[in-house]
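So the mapping is simple: this note's numbering equals the position in the sequence shown, first residue as 1, plus 194. All residues carry an ideal CB built from backbone N, CA and C; glycine is no exception.
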Amino acid sequence: MMLFLFYIWLKFSIKKSTMKKFLFLAILISLKSYSQHNRFSGTWSNENCKNCKKEYIFTITIAQSNYAIYGTAEVTSEHKELNSGILEVSGHVYPLGDRAVIKLKDKDGISSSAVLITNEGVLQFTKRGGGDLVPKEVILNKLYE
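Put into structure tokens, the structure is as follows:
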């Protein structure tokens, strides 16, 4: 609403060509501020979890470029049936930057999808569907930037 009132004020007080340049500049600045904050980049894992039983360790390394996500993930465990090997990660970040949808794919082509939600330095991983490559839900802490 405030932006609309500001627009009307500009319309009457400044020439149209100057107003268009100003609004275009304001839009570019606002888009640039969203694209520079890469919350998902880094190595995340549950190996430092204090209040959970450790049947497996889930590690995901992500590089975020604007709204795209790429990386690798791995589930390691003492139980051989829980080991996943190296998984390829690809996905995208929603416009507000706190939620992402990723797809994990192993060397045999089996895939699984998940949602990542970041909040205060913690990453919530929730599996949405696909093969049993990864756990259903896990909270991950950032290990490396």
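What first and last residue would you give for the beta strand (DSSP E) that runs through histidine 286? The continuous beta strand (DSSP E) containing histidine 286 extends over residues 279-287.
Please look up how many angstroms separate the CB atoms of tryptophan 238 and leucine 337, rounded, as I've assumed it's under 8 Å. 7 Å
Please report the distance separating the alpha-carbon of glycine 325 from that of isoleucine 304. 6 Å
Using a Cβ-Cβ cutoff of less than 6 Å, which residues in the same chain neighbour serine 307 once the five nearest sequence positions on both sides are dropped? Lys297, Arg322, Gly323 and Gly324, listed in sequence order.
Counting C-beta neighbours from all protein chains within 10 Å, is the total for alanine 262 16 or more, i.e. buried, or is it exposed? A residue is called buried when at least 16 other Cβ atoms come within 10 angstroms of its Cβ; alanine 262 does not meet this threshold and is exposed.
Just the C-alpha distance for lysine 247 and lysine 330, rounded to the nearest angstrom, thanks. 15 Å
Beta-carbon proximity check, asparagine 240 vs leucine 334, cutoff 7 Å: yes
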